[in-house]
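2 protein chains.
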Amino acid sequence: VNTDRSLFVFGHLATPEHLAAEARKAATGIFHGAQIEPRDPAPGEAVEVLVDAGVQAAIDSLCVRYSTNGFAPGLDSSEVAARRLGARWDDLAWSYLDRWGATLPPQPEGTTVRYSVEGKSSLSGRRIFANGASGGEVPEIYSYAVDCYTTPAWVDEAIMYQIVVDRFFDPDTDFSRTPATRDEEYGGTLVGVTERLPYLEDLGINALWLTPIFESETYHGYDTVDYESVARRFGGDQALSTLVREAHVHGIRILLDFAANHCSWHNPRFVDARRNPSSPYRSWFTFADWPDRYDTFFEVASLPRLNTHRTEVARYLYDVAARYLSEFQVDGFRLDYALGPPLSFWSGFRTRTKAAKSDSYTVGEATASPRGLRDFEGRLDGCLDFPLVQALRQFFIDRSLDATAFDHFLERHNGFFDPSFSRPTFLDNHDMNRFLWDAEGDTRKLKLAATCQFSLRQPPIVYYGTEVGLSQNVGVEDGGLDASRLPMLWDGRQDLDLLGFYRTLIEARRKHPALRANDRKTLIARGGVYVFTCHDDRDHVIVALNNSDAVQDVSLRDVQGIDLLSGIKVSEHIRLQAFQSALVSIPNYS
Amino acid sequence: VNTDRSLFVFGHLATPEHLAAEARKAATGIFHGAQIEPRDPAPGEAVEVLVDAGVQAAIDSLCVRYSTNGFAPGLDSSEVAARRLGARWDDLAWSYLDRWGATLPPQPEGTTVRYSVEGKSSLSGRRIFANGASGGEVPEIYSYAVDCYTTPAWVDEAIMYQIVVDRFFDPDTDFSRTPATRDEEYGGTLVGVTERLPYLEDLGINALWLTPIFESETYHGYDTVDYESVARRFGGDQALSTLVREAHVHGIRILLDFAANHCSWHNPRFVDARRNPSSPYRSWFTFADWPDRYDTFFEVASLPRLNTHRTEVARYLYDVAARYLSEFQVDGFRLDYALGPPLSFWSGFRTRTKAAKSDSYTVGEATASPRGLRDFEGRLDGCLDFPLVQALRQFFIDRSLDATAFDHFLERHNGFFDPSFSRPTFLDNHDMNRFLWDAEGDTRKLKLAATCQFSLRQPPIVYYGTEVGLSQNVGVEDGGLDASRLPMLWDGRQDLDLLGFYRTLIEARRKHPALRANDRKTLIARGGVYVFTCHDDRDHVIVALNNSDAVQDVSLRDVQGIDLLSGIKVSEHIRLQAFQSALVSIPNYS
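Quick mapping for you: the protein sequence lines, in order, are chains Y and A. Going by our numbering, the first sequence opens with residue 1, and the numbers climb by one from there. Going by our numbering, the second sequence opens with residue 591, and the numbers climb by one from there.
Here's what the structure looks like:
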């Protein structure tokens, strides 16, 4: 069961075959990845650069070359010799791995340290540079920024809402029409989003994540043809300006979806790189055999990979992103496939975007294990919490985790990350089955899971339509990912009971800072019953979840309060129906 | 390539699917295995018992209950609370794992500490005992012996020879006959082995490992029908007595192959356990559903698993083993499928067999990673070195490791184990393709690999027939494991050049303690050329290997010596033909 859910949420990335293939690749060479300690270096802190070396690399010395002057380190840069910290056997790699560590000196605030890692074997005379998964003959330039950026304060209070723009609304389009095909351009626009701002404000939303709006050739927009223009079919630049301005009036921030890893093969730069042998854009892509073989996103020929290792490519993308922040006043970015570009790209991205707008937010989409997510600490403000969505579904849909195990997971998971690293929560998104579909339409389970999601410290994201019972006609396993992106329901098909519930839940979270606080204490976690308290200085809420199909009587000694969801008074005891939840607010708390 | 060889030598045990399945199973509960520090506790040393607990176990306390009075720990035994040492994310398990540690007090020599491990969740009220891979409702009794046993000194100088008894020799059988089927009883006997002792002595062998000789129903004998009788077809008890007596006269020790994990379904105890509802032997086996569903060796119905967790079963097997040592004067045991019985079984086995014969030797067959082998430290004198045979074949057959990487592996591998833990080396055995078969009959490569094998500190094993060029007619991947167990060559088909080489090589190892010494220093390890020195107080040999198809001129500055393999004088330089090796002895070394 565990394995199945891993497959679902993480795709092939969590399969043992894939994990072993990656580990065995790494063991043939030297592997750095992003292993630095501390992960987010502060001014004045020395930084340990850690490297693993496999048997086939067979190195007996290792050094780190670094620069702080803005240029890549060269032969005249400072060098630090690494110490061999020991050897271990690794089952996944099926190899002994040596661990090496080199200590780079502290730096003042604002420094970007660029470095490369070189191993040597005195026996073979071979030199090998850390480079991608297994090392090679060309050094990769790694970097970290010594800064004091923090996640903007507004994110703590954010209630986010994800919109697939083509599928949300347009005033001139009939949204009651059944889509002809799952991947047709249905007709949603930014004008439509603007028109529905009152709906969103009424729901209680204060941040929107829009799937890509740049010029592209598919309804979903992840194939950018022109980063510098808002798609005409969405209303163009003007529509974005209007939306941002109006949204801000309604107290709603706007996050754009930015796909930096790859673009469309009809992007003029790629067209030129393929057509013109002396194209200045040839180096923007990686041609294994020009012009027809090139790096792509997962072997999709129409999605060539941008070479984000290169300075000019990074600078271009940074400029584009900065312009949307400064000219259009958007509030940040959801960064598509953040595992693709190197971490040094993201360090630079954050530096540049914070300079353009100091309270902008950068959150990565990295479908990775907790270890993989943690690599982004110090590079981005945060990452979408994929391990959590897996655990939420294991508890509320599969029930392969019981309340005790789910609570145990939450404790470890929260303890694993730096508290300042933002991990927005979600029950589903456009790349997986909707929660309601997998819960077989049982809105009780959706409400229950949402109550839990809205009682965790990290900001919640609602996938458009969830609040009105939008589901699917077919599972993504049969219908492809488009199956979970049906048009928004605007007519009588809306589940108004569910909508009312979501309004109440969002209002509860906005009014009760305890629900967003770090101070959580488990009272009951047994079988399907999960009860915990949330505290902050002024506020106290008891969250009670009945993840079972039986009525549960929960004793709450000395508690006098009111259930924010039902409005009913609670006195020392609460009765929860099957799959029912309660948020018991305790007044006069001090 | 790495993966393919893993599959070959380790079967499914090294596949990512199997490793992940085991790890994910462990993560659903609590897992102790054999994790104690130190691994081989000496008198007066405190012992740290280490336990991993997965998210689904969700325990928040853990204790170890132990006894030293010879009985299993009970509720009135001493208890030590464990400390939570931290949480980590484990990719293979795809779970957070908590690590717990409990410190048991030091004990005097001769104590056997028996203990059980119990985790509790205060939230669910659930108790879970460490038990097998994932824990359960019944405590497993673990144990360690506080003793000062050492591997007998004779093992250091042993040159071992593995004989599949049915396939080696009998004076009344025609050994030139082509076998009718690969699994027929061909006719080899212990009388035959005795008759060939002069051949073996002449070869230079001083220890024999005989595949199982107890009463059984297959030619190979791994299905024991009666542990207490030597098979009549091999000559019965009398033939064993004679063999041991004669072998000792020739300076050759005898190791028996002991399969404790499982027996034949025609073993009378199993027959009784299945037939008789009140059989005293029912508890000797594990019936999922009596009488037809029972634990077996890898789902083979004819090989029921003995319940070696039970005291009476262990006592019986210990008695049997001790009797062969004391009555028959055999010198030790090769322990079949040592991964099957619990480690506590092996602790007891060693204690009992050392008591029966203090210089007896116990070596386990554990087809496991280095980590898995290391679990046997403190339990057995040693284990057959499967990771090494994989690396030897990667270097000398596949060439997926070059000399630099092979040397790197050897250094890590030797550093990974306690030096006192014995790890006999081999190029092949009865459960895999013969080296010569995989080397496509190229005896140059066999000689080269054998030179390397015989220059390592650990005792070498020669698989019968290797020294005269015995190979196969078909690979084990097509013909099954029987394919590598053809009858010994006794006639004109013997490769006398190879035989002469093996005699010379064995003589060199016996005369030159440097080749068995720990003090190895690498001079050259590059591409196919691998040169290292071996030292001891009085002796100095340079080992030079050319694992390439080109002539190699190797410069040996200041060296004046003689190549023990060719008899040629060496002065500052040696020329090695393709796949040739040399053992350059340096006289007057001080």
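Backbone N, C-alpha and C fix where the C-beta goes; we use that ideal spot for every residue, glycine too.
Shortest alpha-carbon distance to residue i belongs to which of the options?
i: Y:Asn206; options: Y:Gly475, Y:Ala483, Y:Thr425 and Y:Pro459; result: Y:Pro459
i: A:Glu607; options: A:Thr943, A:Asp681 and A:Arg823; result: A:Asp681
i: A:Asp688; options: A:Gly1070, A:Val645 and A:Gly715; result: A:Val645
i: A:Gly1157; options: A:Asp1126, A:Ile1114, A:Thr1094 and A:Thr1112; result: A:Thr1094
i: Y:Thr178; options: Y:Cys263, Y:Pro487, Y:His262 and Y:Thr443; result: Y:Pro487
i: Y:Thr522; options: Y:Val551, Y:Ala403 and Y:Tyr502; result: Y:Ala403
i: A:Asp879; options: A:Ala849, A:Pro867, A:Phe888 and A:Cys653; result: A:Pro867
i: A:Phe824; options: A:Glu805, A:Asp813 and A:Ile842; result: A:Glu805
i: A:Gly1065; options: A:Pro1014, A:Asp921 and A:Met1022; result: A:Met1022
i: A:Asp746; options: A:Leu1155, A:Ala1073, A:Leu1105 and A:Pro633; result: A:Leu1105
i: A:Val755; options: A:Tyr734, A:Leu933, A:Thr784 and A:Ser733; result: A:Thr784
i: Y:Asp536; options: Y:Arg509, Y:Phe579 and Y:Leu545; result: Y:Arg509
i: Y:Arg520; options: Y:Ala544, Y:Glu507 and Y:Ile506; result: Y:Ala544
If you run the structure through DSSP and keep just helix, strand and coil, what is residue i?
i: A:Phe1044; result: coil
i: Y:Pro460; result: strand
i: A:Asn592; result: In this predicted model, A:Asn592 has a pLDDT of only 39, less than 50, meaning its place in the structure is not dependable enough to derive any value.
i: A:Trp1027; result: helix
i: A:Asn1136; result: strand
i: Y:Ser581; result: strand
i: A:Arg1083; result: coil
i: Y:Thr443; result: helix
i: A:Trp679; result: strand
i: A:Thr605; result: coil
i: A:Gln828; result: helix
i: A:Val599; result: helix
i: Y:Ala483; result: helix
i: A:Tyr871; result: coil
Which chain A residues sit within Cβ distance under 8 Å of residue i?
i: Y:Phe396; result: The premise fails here: Y:Phe396 is roughly 16 Å from chain A at the closest Cβ pair, so nothing lies under 8 Å.
i: Y:Thr522; result: Leu713
i: Y:Asp172; result: Under the 8 Å cutoff, chain A gives no residues; its nearest Cβ is about 48 Å from Y:Asp172.
i: Y:Glu620; result: The structure shown does not extend to residue 620 of chain Y, since chain Y spans only 1 to 590, so no value can be given for it.
i: Y:Pro370; result: Trp679 and Tyr686
If I follow the unbroken beta strand (DSSP E) through residue i, where does it start and stop?
i: Y:Trp209; result: Ala207 to Leu210
i: Y:Leu104; result: Ser95 to Leu104
i: A:Tyr951; result: Tyr951 to Gly954
i: Y:Gly561; result: Gln552 to Asp563
i: Y:His250; result: Careful: Y:His250 lies outside any beta strand (DSSP E) and carries neither H nor E.
Would residue i count as contacting chain B if we go by Cβ distances under 8 Å?
i: Y:Glu137; result: Judged by its chain identifiers, the structure shown contains no chain B, and its protein chains are Y and A.
Which chain Y residues are close to residue i, counting only those with a beta carbon under 8 Å from its beta carbon?
i: A:Ala677; result: Arg412, Gly415 and Phe416
i: A:Leu991; result: Val55 and Gln56
Where do the ends of the alpha helix (DSSP H) carrying residue i lie?
i: Y:Ser344; result: Leu343 to Ala356
i: Y:Thr522; result: First-last for Y:Thr522: Asp519 to Arg526, but that is the beta strand (DSSP E), not the alpha helix (DSSP H).
i: A:Pro858; result: Pro858 to Arg865
Starting from the beta carbon of residue i, find every residue of chain A whose beta carbon is closer than 7 Å, and list them in chain order.
i: Y:Ala405; result: Val645, Gln646 and Ala648
i: Y:His408; result: Val645 and Ala648
i: Y:Ala26; result: Here the premise fails: no neighbours, minimum Cβ distance about 12 Å.
i: Y:Ala20; result: Pro606
Against residue i, what residues of chain Y qualify as contacts under a CB-to-CB distance less than 9 Å, listed in chain order?
i: A:Leu845; result: Those do not exist, as A:Leu845 stays about 28 Å from chain Y at its closest Cβ, beyond 9 Å.
i: A:Arg1116; result: Ser121, Leu123, Ser124, Gly125 and Arg126
Taking Cβ-Cβ distances shorter than 7 Å, what residues in chain Y pair up with residue i?
i: A:Pro1014; result: What A:Pro1014 touches in chain Y: nothing, since even the nearest Cβ is about 20 Å away.
How would you list, in chain order, the residues of chain A whose beta-carbon sits under 9 Å from the beta-carbon of residue i?
i: Y:Ala72; result: By Cβ distance, chain A contributes nothing, its closest Cβ being about 29 Å from Y:Ala72, past 9 Å.
i: Y:Ala544; result: Per Cβ cutoff of 9 Å: no residues; Y:Ala544 is ~15 Å from chain A at best.
Taking 7 Å as the cut-off, is the CB of residue i close to at least one heavy atom of the ligand MG?
i: Y:His266; result: The ligand MG is not part of this structure, which contains no ligands at all.
_Give the list of continuous alpha helix (DSSP H) stretches no shorter than 4 residues that lie fully inside the region 121–164 of chain Y._
153–156
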